[in-house]
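First comes the structure, then the notes that go with it.
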Amino acid sequence: MWTVFVGENRLCKTTLLRTIAAAASGVDRGTQLVSDVIASWPDLRTPVPLSIEAKFGFGKIRHKDRHYPGEASGAPPPPTVLLESNLGLEPEKRVFSGGSKYVTGASPYSFRAPPPDGSRIYQPYFPDPLAVARSTALPHWFVAGYGPSRLLPGAGKAARQSEPTLDRLRPLFGENLIGTGFIELLGEDLARAFAKVLQAIFVSGGLLPHVTALELRGRGGIRSAKDLAEAQRFEMDVLDAHGKPIRVPATWLSQGYQAVIAWLADLVGQILLEAGEPIESTDMEGTVLVDEIDLHLHPTWQVRLIPALKQVFPRLQFIATTHSPMVLPALAAEEIILLSQDAEGSVIATPSRQSPALLTGSELYGTFFEIRKLYPEALGDKLHKYGYLASDPTRTAEEDELMLALKAELLAAGLTFDWEPVPREAGE
Numbered sequence: 054m055w056t057v058f059v060g061e062n063r064l065c066k067t068t069l070l071r072t073i074a075a076a077a078s079g080v081d082r083g084t085q086l087v088s089d090v091i092a093s094w095p096d097l098r099t100p101v102p103l104s105i106e107a108k109f110g111f112g113k114i115r116h117k118d119r120h121y122p123g124e125a126s127g128a129p130p131p132p133t134v135l136l137e138s139n140l141g142l143e144p145e146k147r148v149f150s151g152g153s154k155y156v157t158g159a160s161p162y163s164f165r166a167p168p169p170d171g172s173r174i175y176q177p178y179f180p181d182p183l184a185v186a187r188s189t190a191l192p193h194w195f196v197a198g199y200g201p202s203r204l205l206p207g208a209g210k211a212a213r214q215s216e217p218t219l220d221r222l223r224p225l226f227g228e229n230l231i232g233t234g235f236i237e238l239l240g241e242d243l244a245r246a247f248a249k250v251l252q253a254i255f256v257s258g259g260l261l262p263h264v265t266a267l268e269l270r271g272r273g274g275i276r277s278a279k280d281l282a283e284a285q286r287f288e289m290d291v292l293d294a295h296g297k298p299i300r301v302p303a304t305w306l307s308q309g310y311q312a313v314i315a316w317l318a319d320l321v322g323q324i325l326l327e328a329g330e331p332i333e334s335t336d337m338e339g340t341v342l343v344d345e346i347d348l349h350l351h352p353t354w355q356v357r358l359i360p361a362l363k364q365v366f367p368r369l370q371f372i373a374t375t376h377s378p379m380v381l382p383a384l385a386a387e388e389i390i391l392l393s394q395d396a397e398g399s400v401i402a403t404p405s406r407q408s409p410a411l412l413t414g415s416e417l418y419g420t421f422f423e424i425r426k427l428y429p430e431a432l433g434d435k436l437h438k439y440g441y442l443a444s445d446p447t448r449t450a451e452e453d454e455l456m457l458a459l460k461a462e463l464l465a466a467g468l469t470f471d472w473e474p475v476p477r478e479a480g481e
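Counting in the working numbering, the sequence shown tops out at residue 481, every number present.
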């Protein structure tokens, strides 16, 4: 249920998440979703057609409630059947071609196969189940995405949705989240379920350290921006002068708190809005794309983030990126994909061969981020060389001169020493 991409900047981690979002949206909605970034996707080295191929599974809990458009036999396909989505893009074009179909393993479940001429630009399948599912906003076909910009909306900003199947992916492309503002959109019954789930994941699930309770109220009785801010408050384990816990508006919290509250509250609200009925967090199904999942979090919080998410959302599939080794110990080796670049500039994806669970902090940095030294490399080398010479009583006159020169450079760089070099042995 977890896949985390690790790699340097420029190795397409964000693009991978966005192509998954496009494939999950279908031809028309995918084109609409990525219109601002699609020009950056073709390979600039060779003007060849671009191809995105993805297979998606279906969760079992909602199978009986899920409608499968375009069923060949009139009966829903079993949960083991996959949905294959193919998107193609011709050079200089900005509109996808392609379509989707059900498959069992490598065989089509129904509908026409890709073109027999072997071309990598796919013709539409008819009917296209993914296109129907997205255009009619079918429930239980859930995919959401979150990018690095994920703070709570400021007070006075109304919560709105225009097209939910796209709105829940737009944050991956830099647009704003609704977050706790879903309390205003869900209606009385779903709003209560929303607050209950957030209480379970943030407080009982331990995702918000030092938060002991939360209070979410909709627009009833709210006449000003101040009232709206006060309607979404989190109770902290800090006591006021009278010994009562302090309740703080969510938008007053640090960026670390807001980053977690915003995307997780948005996720829960999106799932409830799509389902149209209360769902416990442990029964929520779907795919969630998160860019820089460790964003704004202290390392001790990063360590506990994924274990908490696995506990409160065991049936959600998370596909994420990270630059932090601290989130990795909660993952198995096969849940980590290492990205690198070959001599021609192509990005290579390699599953990790080593489990991070029992590695030390320095081992995590070395194994997954190729950081072997904590000092800046040149300065660290000089310090290492100085220490070696300063502790060697047999150093030559030339080495002694080098040692003094290194010491002068290190002192000029701001390093200080509480020890002196050992004396050289007489006669050297």
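Virtual Cβ for every residue (Gly too), placed ideally from N, Cα, C.
Query                                                                                                                                                                  : Result
For L230 and L436, I'd like the C-alpha separation in whole angstroms.                                                                                                 : 48 Å
Would you report the Cα separation of P169 and L70, rounded to the nearest angstrom?                                                                                   : Residue placement at P169 is poorly supported in this model, since its pLDDT is 49, which falls under 50; the coordinates are not used for a value here.
Just checking my contact of H120 with P132 at CB under 8 Å: how many whole Å lie between their CB atoms?                                                               : In fact, because the Cβ distance is near 14 Å, the residues do not count as touching under 8 Å.
Let me check understanding here. Comparing Cα to Cα, which of E216, L243, K438, L464 lies closest to D453?                                                             : K438
Closest by CA to E478, which one among L239, L381, P446, E237?                                                                                                         : P446
Give me the Cα-Cα distance between P331 and A107, rounded to the nearest whole angstrom.                                                                               : 30 Å
I need the DSSP call for Q323, collapsed to helix, strand or coil.                                                                                                     : helix
Evaluate R165 with the Cβ neighbour count: other Cβ atoms within 10 Å of its Cβ, from every protein chain shown; 16 or more gives buried, anything less gives exposed. : Any reading at R165 must be qualified, since the residue scores a pLDDT of 39, below 50, and its modelled position is unreliable; the value itself is stated next. With fewer than 16 Cβ atoms within 10 Å of its Cβ, R165 is classed as exposed.
When DSSP builds the beta bridges, which residues end up paired with P298?                                                                                             : L292
Go ahead and label Y155 buried or exposed: buried means 16 or more other beta carbons lie within 10 angstroms of its beta carbon, across all protein chains shown.     : buried
Could I get the ranges of all uninterrupted alpha helix (DSSP H) runs contained in the stretch 306-361, with 4 residues as the minimum, in chain order?                : 308-328
How would you write the range of the alpha helix (DSSP H) that A458 sits in, first residue to last?                                                                    : 450-465
Exposed or buried, which one is H263 when buried takes at least 16 other CB atoms within 10 Å?                                                                         : exposed
In the DSSP output, which residue or residues are listed as bridge partners for K154?                                                                                  : E137
To the nearest angstrom, report how far apart R82 and T56 are at their CA atoms.                                                                                       : 24 Å
So, with DSSP's three-state summary, where would you put V400?                                                                                                         : strand
Candidates G433, S153, V59, E145: which alpha carbon is nearest P100's?                                                                                                : E145
Beta-carbon within less than 6 Å of T353's beta-carbon, same chain only, minus the 5 sequence neighbours each way: which residues are those?                           : none
Locate the alpha helix (DSSP H) running through V80, then write down its first and last residues.                                                                      : 80-86
With distances taken between CB atoms, is the gap from L86 to F109 smaller than 8 Å?                                                                                   : no
Give the secondary structure of G198 by DSSP, where H, G and I count as helix, E and B as strand, and everything else as coil.                                         : strand
Are the beta-carbon atoms belonging to R221 and Q323 less than 8 Å from one another?                                                                                   : yes
Using DSSP with H/G/I as helix, E/B as strand and the rest coil, what is A284?                                                                                         : coil
For A410 and A386, I'd like the C-alpha separation in whole angstroms.                                                                                                 : 9 Å
With distances taken between CB atoms, is the gap from L392 to V90 smaller than 8 Å?                                                                                   : no
Rounded to the nearest angstrom, how far is the Cβ of V400 from that of L140, given a contact under 8 Å?                                                               : Wrong, their Cβ atoms sit about 18 Å apart, outside the cutoff.
Just confirm the distance between the C-beta atoms of I114 and E338, as a whole number of angstroms; I'd bet it's less than 8 Å.                                       : 6 Å
State the start and end residues of the unbroken beta strand (DSSP E) segment that holds T218.                                                                         : That residue, T218, is in no beta strand (DSSP E); its alpha helix (DSSP H) goes 217-220.
Helix, strand or coil for Q214? Go by DSSP, reduced to three states.                                                                                                   : coil
State buried or exposed for I299, treating a residue as buried only when at least 16 other CB atoms are found within 10 Å of its CB.                                   : exposed
If you check the beta carbons only, do W316 and R203 fall under 8 Å apart?                                                                                             : yes
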